[in-house]
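Those protein sequence lines, which keep their order, are chains A and B.
Position one of the first sequence corresponds to residue 1 (the numbering used here), numbered consecutively onward.
Position one of the second sequence corresponds to residue 1001 (the numbering used here), numbered consecutively onward.
Every residue gets a Cβ at the ideal spot worked out from N, C-alpha and C, and that includes glycine.
There are 2 protein chains.
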Amino acid sequence: MAKTLLDRSDAVRALAGVFRRRGFESGSLSVIQHETGIGRGSLYHFFPDGKSDMARAVLDQVSVWFDEHVFEPLRATEKGADAVRAMCREVGAYFVSRERVCLYAAMTLGEERATFAESVRAYFTDWVEALSTALQHGGLSDDAADAAALDAVATIQGGLILARAYDDDQTLLDIVARVEKRLLDALA
Amino acid sequence: MAKTLLDRSDAVRALAGVFRRRGFESGSLSVIQHETGIGRGSLYHFFPDGKSDMARAVLDQVSVWFDEHVFEPLRATEKGADAVRAMCREVGAYFVSRERVCLYAAMTLGEERATFAESVRAYFTDWVEALSTALQHGGLSDDAADAAALDAVATIQGGLILARAYDDDQTLLDIVARVEKRLLDALA
DNA sequence: GTCTATAAAGCGATAGAC
DNA sequence: GTCTATCGCTTTATAGAC
């Protein structure tokens, strides 16, 4: 692991894993160094401003992923039901493979929440608005679509909490499946 | 504040506030000392094992509150719809007055989650099972009640995340109101 | 029960060699 | 790009006076 000559996005991926497992505030530099196998020098080479730089980079990478795999498809897919199905598939697989942690949700707790408050808000409004758009494409009124989208995102986020509390991926997948069913029923 | 001769439950209440605002892991002893007005000596007098002792005491106090105000009424109230209405009223008011933070949900993240994993699991299973019992009293089948209860708790927990992300109590209250409506519709 | 002083450890961050 | 050594500060926890 030592002489691997990483690039920055390798480092960001490794950091995201540590932050998901240990939280943003715990994960000391020594822990980060140990768990990522990236030395102190490299860390400060990639992230000159230290931990807040790391957090920003990790959140940005999550944001890019969701834009590409979730938000844009929700807005662009013509058939609302297809858009809903695709979202549930992508999101379920994503969180199962990412330790059942939404790093943006994690950022609503803890000391430094103010630092990232604006991008956290943007992440959730983007998600809710994109889903609402898809539901409107499927025939729902603006208000009904907004409410259903907000409830769906909330239920998925709560599903992550319960999946962690129960230490069980299937809890999340079942909840996502029922969210999908409810949304499809509303469109029918 | 200095010579007030507090008792332990005053200290627990003050600690809960700090943990909700700053998170379990941040909130250093200096911060705790400053924000609670309780000196280092008193803190270690009440909580000899330090921070983990404090966390345990705070979680226990939350558990007692929910048992008394939420779980027991859910199990005991004969009319399922009344039980659901009471739960939504209590829970909405509770979280609005507690910085929109569920400390048990917060414990599913971060370094020390393993320490409290068992009591976190118990909190959520108690809630879900008590709500499921109420829904069964209202006429739902076991399976339907279990699923509806799990989804309801998840949606409320996600509602807390969104309310923090949007910095808006009404987001939570709206979500809780729609959860209530959905449960009552299912009982009708 | 509360205070202050302090010990011992760990922290984030920097410097400079390679 | 990576490493190690180190600075200066903060942390948790303890000790002992009141």
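Where residue i falls: helix, strand or coil (DSSP)
i: F1024(B); result: coil
i: P1073(B); result: helix
i: T1171(B); result: helix
i: E1099(B); result: coil
i: G1041(B); result: helix
i: A1188(B); result: coil
i: L1109(B); result: coil
Boundaries (first-last residue) of the alpha helix (DSSP H) holding residue i
i: R1085(B); result: G1080 to V1096
i: S30(A); result: L29 to T36
i: S1052(B); result: K1051 to F1066
i: L150(A); result: D142 to Y166
i: L135(A); result: A117 to H137
Whether residue i touches residue j by CB criterion (8 Å)
i: S52(A); j: T115(A); result: yes
i: V1058(B); j: V1012(B); result: yes
i: L1150(B); j: I175(A); result: yes
i: G1154(B); j: L162(A); result: First, the amino acid is wrong: residue 1154(B) is Ala here, not Gly. In contact: A1154(B) and L162(A) (Cβ atoms closer than 8 Å).
i: G1023(B); j: G158(A); result: no
i: R20(A); j: L103(A); result: yes
Buried/exposed call for residue i, threshold 16 Cβ in 10 Å
i: Q170(A); result: exposed
i: V101(A); result: buried
i: G1050(B); result: exposed
i: G41(A); result: exposed
i: E1068(B); result: exposed
i: D1185(B); result: exposed
i: S132(A); result: buried
Separation of residue j from residue i, as counted between CA atoms
i: A1165(B); j: R1056(B); result: 27 Å
i: A1002(B); j: I1032(B); result: The predicted model places A1002(B) with a pLDDT of 44, which falls under 50 and marks its position as unreliable, so this point remains unresolved.
i: A188(A); j: G80(A); result: 10 Å
i: R1178(B); j: A148(A); result: 10 Å
i: H137(A); j: E35(A); result: 45 Å
i: A105(A); j: I38(A); result: 26 Å
i: S141(A); j: F66(A); result: 25 Å
i: C89(A); j: L1043(B); result: According to the sequence provided, residue 89(A) is Arg. The question's Cys does not apply to it. The alpha-carbon atoms of R89(A) and L1043(B) are separated by roughly 49 Å.
i: R182(A); j: A14(A); result: 36 Å
i: E1111(B); j: V18(A); result: 10 Å
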